[in-house]
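What the sequence shown shows, in numbering that gives the first Met the number 0, is residues 0 to 989, in sequence order. Take a look at the structure below.
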Amino acid sequence: MSAEAAPRRGGLDPHRIAEVIVTTAAGGGRRGSGYQVGDTTVLTAFHVVAGAAEVLVRFDADRPGQWAATAELAWSDSGTDVAVLTFTAPPGAAPVPSARFGRIGDDRHAVIDVHAAGFPLWKRRRGADGRQFRELHQADGTVAALSNLRTGTLEITVPAAAADPDPAVSPWSGMSGAAVWAGPYLVGVVAEHHRGEGLGRLTAVRIDHTLQRVADGPRAELAALLTLPDHAALPEVGAEPDGPHALGGPAPSKVIGLPVAHGLELFKDRAEARDLIGRHLADPGIRMVTVTGRRGIGKSAVAAKVMELLERGEWPGHAQAPLPAGLVNLSTRTSGVSLERLYFDCARALGPAHEARLLEVWAANRPVPDKIDELFAAMGDRLFVILVDNLEDRLLDDGRLDDEELDTFFDCLFRARGTPRLLVTSQLPLRLPPELRRFAAEVELSDGLPPAESVALLRELDQDGTLGVAQLSDEELLHAVVRVHGVPRALELLMGAMADDTLMLPTLEDVLEDFTLRGDVVAGLAQDRYQRLGTDSRSVLNVLAVLRTPAPREAVEWIVGGLDPALDVTAALSGLLRIRMLSVDRRTRTYALHPMDADLAYGALPAEGLLGRSALERRAAEWYARIAPPRRDWRTLDDIQAQRRAFDHRVRAGDMDEAALIMGAIGPWMVWHGSVLSAISMHLTLEERVNDDRARLAHLISFGHARLSGGPLPHALELFTEAAEVAERIEDRHALQEAMFGLGDVHRQLGRLEDAAGPLARAGALARENGDAEAEAHAVLSLSLAHSTLGDGEAALAGADRLGELAAASGDQLTEARSWNARFTALLTLGRWEETIAAGDRAVGAYAAAGVQEATDYALNAKGVALLALGRPEEALACLEEALRAASAMENPRTEGVCLYNTAWAQWTLGRYGQAAEAAERSAASLHRAGAVEATAAQALGEAARARMVPAARTAADALDRAAQGAGSNVEMVRPAWLTAQAEHLRDHA
């Protein structure tokens, strides 16, 4: 087999391509490329990250499944321009197999095909939302092995860049750091583009030369980061093969039996599982590898894919072992699985001579163990892999085989010295004695396919577009994927349900609405043993289906105990575990159903009855209310997890009044700790469904706080207005206090300062009357901020002093933080810039000490404006970027918009009009989402920056005037006078 025709192993994985986003210490930015070569390591070029203050690596950029992480420089060498970054993988991230490294020999003439993928400048695009992004580019080219011998680099010839948008910058800028691949081997890193060589030549660093040129210590560190067992023996790409099969490649494996799954050429994902199976099969100490998982999860497909790879001469997971001499495929659903079938098919795999003798052995009157020993002896030292698919069909509920001869075969498998390797798929693993478990490995498939692969599978299932699925957006298909948890068989059954119903012609959305109730879908997905469950086991299963999350035994016992005290929960759990209907986490001592099984069981639950859906939901809500920590113990969002689950159960039970009371207790706290969007989503489920006055009042006030932070502000005004009316009517003074505070604060943020003063003053008076010191302090803060916005800095400072007195008297850290909040805002109004910076720093520290993020973003933003006023724009940019991150963490679009507006002006003062325009446009979008009146100012500032790029000075000046007018008296934004002064300057010099 030639090098060109050889089957490819490993190689470039698009999900591991990293966009490297760098923020420099000076506040600037740059972009490059990289590649995830291990679980937490990214390989890139050193010059991409040199001098970085912060590095972000982004994967699946601007695609479904996008994720990012902050990275640190773990290894670098400026001489060879190579760097390795490390990052913390997100929770639940799948392990990433190590990249395979190779080298291109430089001692012979050769032209090698190579490829790289990255984010060059010439692929910069603008999305529908106006934001710019860089599209991924795959550069396919060649390397002439003898070129660049003096510099020891790779000269890559690629199709020329299709555009050259900036003569001062290489169109290939941003491609630096991209991994260079030759077949399955990573051989280098893109480092340079020399304009003098044209737009179709790139220079890359050789990984093998880097390893040769650095000192022993750094070399060992790099080899460890790249997981290179022997850096001196990197395989040469395109080297002449040698050995007994040099011309024809290794002898192919003889295959007996048809594959146990269809469409392997379209197989999706499961790389981690395939690699793990491969490593286990290659281990001489392992006799049997069992792939377990629920029905429809893809066990047969992944096992069949492993067998296909072995047939092609490729070990999954880069395992080092001889290729199998024979592969045998057996399935209980096709050929059947019996000792006779196993024996005869293995005999065929051994070839005619062995087969004839083994058939004579089979026909002889000899004990079964002797026949099996003869079979294993005929295999000798050669490796044979036998796939036994759907073994659960031959297992009893306790995991024992239902056939004595098969049991003998497995016993011999574990006891004989030389045996084949078994690859088994089963919903339930074979029960083994403790002493044999070390010779067996289990690979559990518990998760469905990742989003991108699931969407691709749905599109492939509607190749001709007749079902209307291929035309749907990725977002619409992702909704379907999430609904069925990415289970491959469920995706196939959804499409089958659409295709088979030629009368009603359901859409994908129609099928999703009731898929757990459709007989065809349930029959194809429900675990076989589900139908055989006893009453007690089914009841316990239903409790876990209602809980929808791993739960301890105590929870199940408490929920069931209040409804059916005679039910033996412990016995039922043990039985369900034995037949693998449940999973258990021994560390946390919790039990769980697979999400798909939970959906199917929940769909089959009767709505009413002693152990019906409503009764179980209410009982589950009561369990969480029982274990929920009191308010005084709340520190993080995790501390209210029980209340949030109680809310979900109340909603599913139809108890909207009780759900509203829960939100009244936790909603504002969620908002103040950055979970604004979640709070809004929870309140939206209650709209128009709450009847009790006190429950509705709790809902209105909590929802108002969420809208006050997350926007739109006009809706917050409506909510607080109605809340005040209800509170007055039912004479609830505490609720009226909260409603009045909300009314005042929303008027303040809408710029209606005269309307804000009255409600805020009344809120403070009510707080004193109610003995609520914290609420009184909050009202004083809001009134002080209103004075600042009115331009009355001295009155605002008086409010800050009052807050300081309250903090000193109470010792409350949050009141102390709010006093500094009022102070930095008042000082900003008065133009006392250095004092603003100092007060802002004190506020950030005080809020951190109080364990609240409430106004950290405002403090950093005020500090940024003050730095701009002092003529320190680079420092201001760094501060504003930190403020933006804090605002995003708090899910506050209004503050995001303000920070971006000020960032735009900072970029303007530095002459970076393109970046100024981009920041201003993002600001306008955020402010519009919040319902803030300043959105027009941001839009005008963006127009001014665009005009300045043309340049069109008068157009820019007019837009600056509009921006200044739109900003009004908002002290959190750069002074309108700065913009009008710049406008006059532009007109004078036009």
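Glycine residues also receive a C-beta, built at the ideal position from the N, C-alpha and C atoms. In this text the structure is predicted, and so the values were computed from the model without any measurement.
Legend entry - C-alpha distance - residue 213 paired with residue 597, whole-angstrom precision: 56 Å
Legend entry - Nearest residue (CA-CA) to residue 386, options 728, 421 and 741: 421
Legend entry - Where residue 721 sits in the DSSP three-state scheme: helix
Inset, instruction - Check whether the Cβ atoms of residue 670 and residue 708 sit closer than 9 Å, and answer yes or no. - result: yes
Legend entry - Length of the line joining the Cα atoms of residue 287 and residue 398: 15 Å
Inset, instruction - Apply the 10 Å Cβ neighbour rule to residue 259 and answer buried if 16 or more other Cβ atoms are within range, or exposed otherwise. - result: buried
Legend entry - Straight-line gap, residue 245 to residue 306 (C-alpha atoms, nearest Å): In this prediction, residue 245 has a pLDDT of 37, which is less than 50 and means its spatial position is unreliable; what the coordinates show is noted afterwards. Rounded to the nearest angstrom, the two C-alpha atoms are 24 Å apart.
Legend entry - CA nearest to the CA of residue 730, picked from 692, 712, 717 and 714: 692
Legend entry - Minimum C-alpha distance to residue 874 - residue among 23, 734 and 483: 23
Legend entry - Counted within 10 angstroms of its Cβ, other Cβ atoms place residue 944 as buried (16 or more) or exposed: buried
Inset, instruction - Mark residue 201 as exposed unless 16 or more other C-beta atoms lie within 10 angstroms of its C-beta, in which case mark it buried. - result: buried
Inset, instruction - Name the two residues that bound the continuous beta strand (DSSP E) containing residue 443. - result: Per DSSP, the unbroken beta strand (DSSP E) holding residue 443 starts and ends at 439–444.
Legend entry - Length of the line joining the Cα atoms of residue 946 and residue 146: 47 Å
Legend entry - Boundaries of the alpha helix (DSSP H) in which residue 991 is found, first to last residue: Only positions 0 to 989 of the chain appear in the structure, and residue 991 is not among them; the question remains open.
Inset, instruction - Ignoring anything shorter than 4 residues or poking outside the segment 612–650, list the alpha helix (DSSP H) runs there in chain order. - result: 612–626
Inset, instruction - Have a look at 673, 269, 282 and 365 and flag the residue whose alpha-carbon is nearest the alpha-carbon of residue 297. - result: Ranking the options by Cα distance to residue 297, first place goes to 269.
Legend entry - Classification of residue 363 by the beta-carbon crowding that lies within 10 angstroms, buried from 16 upward: A residue is called buried once 16 or more other Cβ atoms fall within 10 Å of its Cβ, and residue 363, having fewer, is exposed.
Inset, instruction - Measure the alpha-carbon distance for residue 248 versus residue 531 and round it to whole angstroms. - result: Residue confidence is low: residue 248 scores 45 on pLDDT, short of 50, so the model does not pin down where it sits. Its coordinate-derived value is still stated next. Computed Cα separation, rounded: 52 Å.
Legend entry - 6 Å CB neighbourhood of residue 749 in its chain, flanking five on each side removed: 712
Legend entry - CB contact flag (residue 790, residue 741, <9 Å): no
Legend entry - Beta-carbon proximity list for residue 689, same chain, < 7 Å, skipping 5 on both sides: 655, 656, 659, 695 and 698
Legend entry - Own chain residues within Cβ distance below 6 Å of residue 822, not counting five before or after: Once the five neighbours on either side are set aside, the close Cβ partners of residue 822 are 799 and 838.
Inset, instruction - Just the C-alpha distance for residue 909 and residue 733, rounded to the nearest angstrom, thanks. - result: 51 Å
Legend entry - Own chain, CB closer than 7 Å to residue 618, minus 5 neighbours either side, in chain order: 558, 561 and 562
Legend entry - Three CB pairs or more closer than 8 Å across the segment 343–360 and the segment 311–318: no
Inset, instruction - Indicate the three-state DSSP secondary structure (helix, strand or coil) for residue 754 in the structure shown. - result: helix
Inset, instruction - Grab me the residues of residue 375's own chain with a C-beta within less than 8 Å of its C-beta, minus the 5 sequence neighbours each way, in chain order. - result: Closer than 8 Å at Cβ, skipping near neighbours: 411, 415, 417, 418 and 419.
Inset, instruction - Could you tell me if residue 584 is buried or exposed, where buried requires 16 or more neighbouring beta carbons within 10 angstroms of its beta carbon? - result: Classification of residue 584: exposed, given that the 10 Å Cβ count is below 16.
Legend entry - Presumed contact (8 Å Cβ cut-off) between residue 68 and residue 40, rounded CB distance: Not really, about 12 Å apart at Cβ, beyond 8 Å.
Inset, instruction - Look at the Cβ atom of residue 460, then the Cβ atom of residue 483, and state whether they are nearer than 9 Å. - result: no
Inset, instruction - Give the straight-line distance between the Cα atoms of residue 907 and residue 291, rounded to the nearest whole angstrom. - result: 59 Å
Legend entry - CB of residue 901 within 9 Å of CB of residue 879, strictly: yes
Inset, instruction - Taking only runs that begin and end inside the segment 333–375, name each unbroken beta strand (DSSP E) of 3 or more residues, in chain order. - result: none
Inset, instruction - Would you identify the three-state DSSP class for residue 82, choosing helix, strand or coil? - result: strand
Inset, instruction - Would you decide whether residue 609 is buried or exposed? Buried here means 16 or more other CB atoms lie within 10 Å of its CB. - result: exposed
Inset, instruction - Using three-state DSSP, classify residue 287 as helix, strand or coil. - result: strand
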